[in-house]
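Take a look at the structure below.
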Amino acid sequence: AQSVAQPEDQVNVAEGNPLTVKCTYSVSGNPYLFWYVQYPNRGLQFLLKYITGDNLVKGSYGFEAEFNKSQTSFHLKKPSALVSDSALYFCAVRDMGTNDYKLSFGAGTTVTVRA
Amino acid sequence: DTGVSQDPRHKITKRGQNVTFRCDPISEHNRLYWYRQTLGQGPEFLTYFQNEAQLEKSRLLSDRFSAERPKGSFSTLEIQRTEQGDSAMYLCASSGISVSKFFGPGTRLTVL
């Protein structure tokens, strides 16, 4: 079984401050990990993924995420948040060792960046 | 636009009616997925196609739901005898040789 937990329903930061959105995962084997962002009444936009290799993954719009195997975490970060980063963020996982291609998503974290 | 497209974007129907949604994946992608997202939740997997073969269906996909991908290109998701609990955003995604899935804008269904 595979699952994702996003422990914070909401994250509020001031523009220009660092942004962190937390994610922990559970899989039987090794994970593929993803972050998506969703704006109101829109589909999900891909931000970044971890497959293997460097634990620090860089993605779109200045976002990055750090894979930590010992803590089973994949936190999303941005050094300096923008008001336009305000959106709903989803972490997702897939077990690398199976032929099961479906993703399991967390419940989402609403990010609000205030000017 | 070479992304995943879905039609319609919004659908309002009365309970008991049938509805059909269409998804056009990125052209070179052989895998196509349907997910359902309810308010305040992350997307939940419904079903998955590799080319025209439907390889997996979630237990969420009751007998009232059917999905097809007849020529391995576009896909349709039909819900028969809709219920108010079917109200949700229905998301389609596609992927190719990369593990990354790309999602469409979704179809928001409201069942009155």
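The listed protein sequences correspond, in order, to chains Z and D. Those letters in the first sequence? Residues 1 to 115, per our numbering, in order. Those letters in the second sequence? Residues 1001 to 1112, per our numbering, in order. Note that CB positions come from ideal geometry on N, CA and C, so glycine has one too. Just so it is clear, the structure is predicted and the values come from calculations on it, not from any experiment.
Let me make sure I understand the geometry here. Which of the options has the alpha-carbon closest to that of residue i?
i, options, result
"VAL111/Z", "MET96/Z, PHE90/Z, LEU103/Z", "PHE90/Z"
"THR1076/D", "PRO1008/D, THR1002/D, GLY1003/D", "PRO1008/D"
"SER50/Z", "THR20/Z, ALA5/Z, PHE74/Z", "Reading off the sequence, residue 50/Z comes out as Tyr, not Ser. Checked all of THR20/Z, ALA5/Z, PHE74/Z; the closest Cα to TYR50/Z is PHE74/Z."
"VAL11/Z", "THR98/Z, THR20/Z, SER70/Z", "THR20/Z"
"TYR1033/D", "THR1002/D, GLN1080/D, GLY1040/D, ARG1022/D", "ARG1022/D"
"GLU1052/D", "GLY1042/D, THR1020/D, ASN1030/D", "ASN1030/D"
"ARG1064/D", "LEU1112/D, HIS1010/D, THR1020/D", "THR1020/D"
"PRO79/Z", "VAL113/Z, TYR101/Z, GLN71/Z", "VAL113/Z"
"PRO1025/D", "PHE1045/D, PHE1103/D, THR1013/D", "PHE1103/D"
"GLY43/Z", "GLY1096/D, PHE1074/D, THR1107/D", "THR1107/D"
"SER1066/D", "GLU1044/D, ILE1079/D, TYR1048/D, ALA1088/D", "ILE1079/D"
"ASN68/Z", "GLY16/Z, GLY108/Z, SER26/Z, ALA81/Z", "SER26/Z"
Considering only DSSP beta bridges, list what residue i is partnered with.
i, result
"LYS77/Z", "THR20/Z, GLU64/Z"
"LEU44/Z", "GLN38/Z"
"ASP1024/D", "SER1005/D"
"VAL4/Z", "TYR25/Z"
"SER104/Z", "VAL93/Z"
Residues of chain D with CB closer than 9 Å to the CB of residue i, please, in chain order.
i, result
"ARG42/Z", "PRO1105, GLY1106"
"PHE105/Z", "TYR1035, GLN1037, GLN1041, GLY1042, PRO1043, GLU1044, PHE1045"
"PHE46/Z", "SER1100, LYS1101, PHE1102, PHE1103"
How big is the Cα-Cα spacing for residue i and residue j?
i, j, result
"ALA65/Z", "LEU48/Z", "8 Å"
"LYS63/Z", "ARG94/Z", "Checking the sequence shown, residue 63/Z turns out to be Phe, not Lys. Roughly 21 Å separates the two Cα atoms."
"SER1100/D", "GLN1054/D", "19 Å"
"ALA92/Z", "LYS77/Z", "15 Å"
"VAL4/Z", "GLY1003/D", "27 Å"
"TYR1048/D", "LYS102/Z", "8 Å"
"ASN17/Z", "GLY1016/D", "50 Å"
So residue i contacts chain D; which residues on that side make the cut at Cβ distance below 7 Å?
i, result
"PHE90/Z", "GLY1042"
What does residue i touch in chain D if you count any residue whose Cβ is under 8 Å from its own?
i, result
"GLY108/Z", "GLY1040, GLN1041, GLY1042"
"LYS49/Z", "VAL1099, SER1100"
"TYR32/Z", "VAL1099"
For a contact defined as C-beta to C-beta under 7 Å, what are the partners of residue i on chain Z?
i, result
"TYR1048/D", "TYR101, LYS102"
"ARG1031/D", "TYR101"
Against residue i, what residues of chain Z qualify as contacts under a CB-to-CB distance less than 9 Å, listed in chain order?
i, result
"ARG1022/D", "Near ARG1022/D there are no residues of chain Z at all, since even the closest Cβ is about 14 Å away, more than 9 Å."
Please list the partners that residue i has in chain Z, where partner means a Cβ-to-Cβ separation under 8 Å.
i, result
"LEU1091/D", "GLY43, LEU44"
If you measure from the beta carbon of residue i to each beta carbon in chain B, is any gap under 7 Å?
i, result
"SER60/Z", "In the structure shown, chain B cannot be found, because the protein chains are Z and D."
Tell me the start and end of each unbroken beta strand (DSSP E) in the region 1051–1096 of chain D that is at least 3 residues and wholly inside, in chain order.
As for any beta strand (DSSP E) of minimum length 3 sitting wholly inside the region 1051–1096 of chain D, the runs are 1053–1057, 1065–1068, 1075–1079, 1088–1095, ordered along the chain.
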